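Trainee:
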Amino acid sequence: MSERVPLVDYLVLTGTPHLTAHECTACGARYFDRRNACAACEADVFRVVDVPTEGELRAFTIVSYAAPGIPVPFVAGVVDCGGTSVRANVVNVPADPEHVRVGMKLRLTTVPLGADAAGTEAVGFGFEPAG
Amino acid sequence: MAENVWILGIHMTKFGKHPDLDTVDLGAQAARGALGDAGLHMRDVGVLAAGNLMRAAASFGQQLQKQIGQTGIPVFNVANACATGATALRVAIMAIRAGEADVGLAVGVEKLSGAGLLAGGTTKEQGDTWSPQGRFGAVAPLDGRIGTETMPGVFAQIGMEYGHKYGGADFELFARISEKNHAHSTLNPLASYQKRFTLEQIMNDVMVAYPNTRPMCSANCDGGAAAVVVSESKLRTLSLEQQRRAVKISASVLTSDPWQEACQVLPDVNTLTRAAANQAYEQAGVGPDDLDLVELHDCFATAELVHYDNLRLCPPGGAVDFFNSGATWRDGTTPVNVSGGLESKGHPVSATGIANIWEIATHLRGEAGDRQIEGARVGLAHVIGLGSACGVHILEKAAA
Numbered sequence: 002m003s004e005r006v007p008l009v010d011y012l013v014l015t016g017t018p019h020l021t022a023h024e025c026t027a028c029g030a031r032y033f034d035r036r037n038a039c040a041a042c043e044a045d046v047f048r049v050v051d052v053p054t055e056g057e058l059r060a061f062t063i064v065s066y067a068a069p070g071i072p073v074p075f076v077a078g079v080v081d082c083g084g085t086s087v088r089a090n091v092v093n094v095p096a097d098p099e100h101v102r103v104g105m106k107l108r109l110t111t112v113p114l115g116a117d118a119a120g121t122e123a124v125g126f127g128f129e130p131a132g
Numbered sequence: 109m110a111e112n113v114w115i116l117g118i119h120m121t122k123f124g125k126h127p128d129l130d131t132v133d134l135g136a137q138a139a140r141g142a143l144g145d146a147g148l149h150m151r152d153v154g155v156l157a158a159g160n161l162m163r164a165a166a167s168f169g170q171q172l173q174k175q176i177g178q179t180g181i182p183v184f185n186v187a188n189a190c191a192t193g194a195t196a197l198r199v200a201i202m203a204i205r206a207g208e209a210d211v212g213l214a215v216g217v218e219k220l221s222g223a224g225l226l227a228g229g230t231t232k233e234q235g236d237t238w239s240p241q242g243r244f245g246a247v248a249p250l251d252g253r254i255g256t257e258t259m260p261g262v263f264a265q266i267g268m269e270y271g272h273k274y275g276g277a278d279f280e281l282f283a284r285i286s287e288k289n290h291a292h293s294t295l296n297p298l299a300s301y302q303k304r305f306t307l308e309q310i311m312n313d314v315m316v317a318y319p320n321t322r323p324m325c326s327a328n329c330d331g332g333a334a335a336v337v338v339s340e341s342k343l344r345t346l347s348l349e350q351q352r353r354a355v356k357i358s359a360s361v362l363t364s365d366p367w368q369e370a371c372q373v374l375p376d377v378n379t380l381t382r383a384a385a386n387q388a389y390e391q392a393g394v395g396p397d398d399l400d401l402v403e404l405h406d407c408f409a410t411a412e413l414v415h416y417d418n419l420r421l422c423p424p425g426g427a428v429d430f431f432n433s434g435a436t437w438r439d440g441t442t443p444v445n446v447s448g449g450l451e452s453k454g455h456p457v458s459a460t461g462i463a464n465i466w467e468i469a470t471h472l473r474g475e476a477g478d479r480q481i482e483g484a485r486v487g488l489a490h491v492i493g494l495g496s497a498c499g500v501h502i503l504e505k506a507a508a
């Protein structure tokens, strides 16, 4: 089996795929990217925490014009995963306002992004309707 | 207490396509227009603040001086996304309030015709091997793969979020906001587009990022705007006619986005706008009910709705009812974007934050022609630059 890499380092592919965040140990603020210090409280110690894989769609748009190589239309949104907001595409649902609504329940899923010249497969994530 | 600062002269170029004018030409036209309006010259100016985003590293202010007058004064080249023009003005005002100059010139210019879709900052070229880069350890550009960084998509979500929180905001409501601004634009000869659209035309136009169709997005165009600002003591040395046409800057505020949960997932344009508005009302000693007109940052129709609330033009959560009441049409109780707004007047980003001040000032002077809001005495201008920066200025008609 060829090697797999996550699209971003906060996507964990081993076991049940899930997202992680850097959580400020002083105030609890969460960040997905590398941080020098906490934007909320200035502390500089973070721990890695798992983000719930289920959530609720808080806002969305259906993008018809995007960067080259991005299939359109697609649904982009913000998912509230147990109090942590996650930016993601909403996948496995028709990209029209009849099928996507704010407040819908979603769960994390992985999205294959193809292989590079060395045969390594990149894997991204999205959220799909949960039940 | 620092003394009051007044707008003595202000100018906006025609917004639209200017294939024969470069950035410096447009800046020179705006600056010389403002100086002429003020009755002053470059040799009277003590500080220059210059805004241009597309060539932010090119020392635009110094290039401009070489075309309109090199007098050796300090130049501040500023860049603050779509709030760049307001930031330039704010810098000139601060210099005067600090007592370092008694006359300042602020200029904002952009050449954006044909620029296409503008996206945010984390896009990068995709290589032929997946290798993690940047603060997210990303192996590919994230725009489109993890949500959207395109401006129409970001602001669409901001409007949808508000609509979900308070209810009543659907595709048609957002389209009707756009219908209003395009209707207003028909009276503005300096607007890029002066075409009235029916609601059906707006809703059936090309969808860019639901619920924003093409006419619901700000128009990329070329344009410049400039303002000459003076201290009150300087103003009192000038002619009665200059004093009569001067417009008082009752509040000048610039904020950035304070940390909020999720603000780095979806930009929070609300908290910093509310903070700027609160500070501005306090500085000016006026309230939202005192405003005769408002120019706010309708970069997309979905943005205009949330800023009714952020600027406290309506009760919290009441933006939909406020719009539905007709309040923001030019014959309503709080006319909003009588210039046509960014959706039809156009949005040459660095010019926008001075152009909307020009619109307010022109009404306060009673010089707005066919689109004059009769008896206008107090107005508010708002801009937002993603990243984020928010500028709010409150202007008042001269007492004399």
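Quick note, the sequences are listed as chains H and D, same order.
Under our numbering, think of the first position of the first sequence as 2, with each following residue one higher.
Under our numbering, think of the first position of the second sequence as 109, with each following residue one higher.
No residue lacks a Cβ here, since even glycine has one placed at the ideal position from N, Cα and C.
Source: prediction; values computed, not measured.
1) Counting pairs of beta carbons, one from the region 452-460 of chain D and one from the region 385-395 of chain D, are three or more of them closer than 8 Å?
2) Just checking, does the region 282-301 of chain D make contact with the region 441-453 of chain D on the three C-beta pairs under 8 Å criterion?
3) Mapping DSSP to helix, strand and coil, what is histidine 19/H?
4) Report the three-state DSSP secondary structure of threonine 231/D (helix, strand or coil).
5) The alpha helix (DSSP H) spanning asparagine 185/D covers which residue range?
6) Could one say the Cβ of alanine 134/H lies closer than 7 Å to chain D's Cβ atoms, at least one of them?
7) With distances taken between CB atoms, is the gap from valine 500/D to aspartate 398/D smaller than 7 Å?
8) Between the Cα of aspartate 51/H and the Cα atoms of Thr62/H, Asp97/H, Ala38/H and Glu24/H, which residue gives the shortest distance?
9) Distance, Cα to Cα, serine 358/D vs cysteine 371/D?
10) Spatial neighbours of phenylalanine 47/H within its chain, please: CB distance less than 8 Å, with the 5 preceding and 5 following residues excluded, ordered by chain position.
11) Do alanine 299/D and alanine 138/D have their CB atoms nearer than 7 Å?
12) Which residues of chain D have a Cβ atom closer than 7 Å to the Cβ of alanine 89/H, listed in chain order?
13) Taking 7 Å as the CB-CB limit, is valine 52/H close to chain D?
14) Taking glutamine 178/D as the query, report the chain H residues whose CB atoms sit under 9 Å from its CB, ordered along the chain.
15) Where does the unbroken beta strand (DSSP E) through arginine 48/H begin, and where does it stop?
16) Between Gly216/D, Pro260/D, Ile254/D and Gln302/D, which has its C-alpha nearest phenylalanine 282/D's C-alpha?
17) Checking contacts by CB at 7 Å: is glycine 83/H closer than that to chain D?
18) Just the Cα atoms here: how many angstroms apart are valine 113/D and lysine 356/D?
19) Evaluate cysteine 42/H with the Cβ neighbour count: other Cβ atoms within 10 Å of its Cβ, from every protein chain shown; 16 or more gives buried, anything less gives exposed.
20) Using a Cβ-Cβ cutoff of 8 Å, what residues of the region 265-290 of chain D are near chain H? List them in chain order.
21) In chain H, which residues lie with their C-beta within 7 Å of the C-beta of methionine 315/D?
22) Chain H partners of aspartate 251/D, CB-CB under 8 Å?
23) Which value, in whole angstroms, describes the spacing of the CA atoms of glycine 271/D and proline 240/D?
24) Which bits of chain H does phenylalanine 168/D rub up against, with CB to CB less than 7 Å?
25) Could you list which residues in chain H have their beta carbon closer than 7 Å to that of aspartate 133/D, in chain order?
26) In this structure, how does DSSP classify alanine 476/D when only helix, strand and coil are distinguished?
27) Got a sec? Which residues, its chain only, sit under 8 Å from alanine 384/D by beta carbon, not counting five neighbours each side?
Mentor: In short, the structure shows the following:
1) no
2) yes
3) Taking the first residue of the first sequence as 1, we reach residue 19/H at position 18. Correct three-state label for histidine 19/H: strand.
4) Working through the second sequence from its first residue, we reach residue 231/D at position 123. Legend: pLDDT at threonine 231/D = 46, less than 50; position of this residue unreliable, value from coordinates given subsequently. Threonine 231/D falls in the coil class under three-state DSSP.
5) Mapped onto the second sequence, residue 185/D falls at position 77. From DSSP, asparagine 185/D is part of no alpha helix (DSSP H) but of the beta strand (DSSP E) over 183-186.
6) This structure cannot settle anything about residue 134/H, because the visible part of chain H is limited to 2 through 132.
7) Along the second sequence, one-based indexing puts residue 500/D at 392. Along the second sequence, one-based indexing puts residue 398/D at 290. Aspartate 398/D is positioned such that its CB atom lies no closer than 7 Å to that of valine 500/D.
8) Walking along the first sequence from the start, residue 51/H turns up at place 50. The option with the nearest alpha carbon to aspartate 51/H is Glu24/H.
9) On the second sequence, residue 358/D is found 250 positions in, with the first residue counted as 1. On the second sequence, residue 371/D is found 263 positions in, with the first residue counted as 1. Rounded to the nearest angstrom, the two C-alpha atoms are 30 Å apart.
10) Reading the first sequence from its first residue, position 46 is the one you call residue 47/H. These residues qualify, in order along the chain: His23, Glu24, Cys25, Thr26, Tyr32, Arg36 and Cys39.
11) In the second sequence, residue 299/D corresponds to position 191, counting from 1. In the second sequence, residue 138/D corresponds to position 30, counting from 1. No, the pair does not count as a contact, with Cβ atoms beyond the cut-off.
12) The residue labelled residue 89/H in the question sits at position 88 within the first sequence. The contacting residues are Ile254 and Gly255.
13) Here residue 52/H is taken as the residue at index 51 of the first sequence, counted from 1. Cβ-Cβ to chain D under 7 Å: no for valine 52/H.
14) In the second sequence, the residue the question calls residue 178/D occupies position 70. Contacts between glutamine 178/D and chain H, judged by CB atoms closer than 9 Å, are missing: the closest CB pair is about 41 Å apart.
15) Position 47 of the first sequence, counted from the first residue, corresponds to residue 48/H. First-last of the beta strand (DSSP E) with arginine 48/H: 47-52.
16) On the second sequence, residue 282/D is found 174 positions in, with the first residue counted as 1. Ranking Gly216/D, Pro260/D, Ile254/D and Gln302/D by Cα distance to phenylalanine 282/D puts Pro260/D first.
17) Here residue 83/H refers to the residue found at position 82 of the first sequence. Cβ-Cβ to chain D under 7 Å: no for glycine 83/H.
18) Taking the second sequence and counting its residues from 1, one reaches residue 113/D at position 5. Taking the second sequence and counting its residues from 1, one reaches residue 356/D at position 248. When only Cα atoms are considered, valine 113/D and lysine 356/D end up about 7 Å apart.
19) Within the first sequence, residue 42/H is the residue found at index 41, counting from 1. Exposed, since its Cβ has fewer than 16 Cβ neighbours within 10 Å.
20) Gln265, Ile266, Met268, Glu269, Gly271, His272 and Phe279
21) As a first step, residue 315/D is located in the second sequence; it is residue number 207 there, counting from the start. Among the residues of chain H, those whose CB is under 7 Å from the CB of methionine 315/D are Ser65, following chain order.
22) Along the second sequence, one-based indexing puts residue 251/D at 143. Going along chain H in sequence order, the residues near aspartate 251/D (Cβ under 8 Å) are Ala67, Ala68 and Ile71.
23) Indexing the second sequence from 1 puts residue 271/D at position 163. Indexing the second sequence from 1 puts residue 240/D at position 132. Taking the straight line joining both Cα atoms gives about 37 Å.
24) Along the second sequence, read from residue 1 onward, the residue named residue 168/D stands at position 60. Per Cβ cutoff of 7 Å: no residues; phenylalanine 168/D is ~28 Å from chain H at best.
25) Along the second sequence, one-based indexing puts residue 133/D at 25. Those within 7 Å of aspartate 133/D in chain H number zero; the least Cβ separation is about 31 Å.
26) The residue given as residue 476/D occupies position 368 in the second sequence. Coil.
27) Along the second sequence, one-based indexing puts residue 384/D at 276. Once the five neighbours on either side are set aside, the close Cβ partners of alanine 384/D are Val361, Leu362, Thr363, His490, Cys498, Gly499 and Val500.
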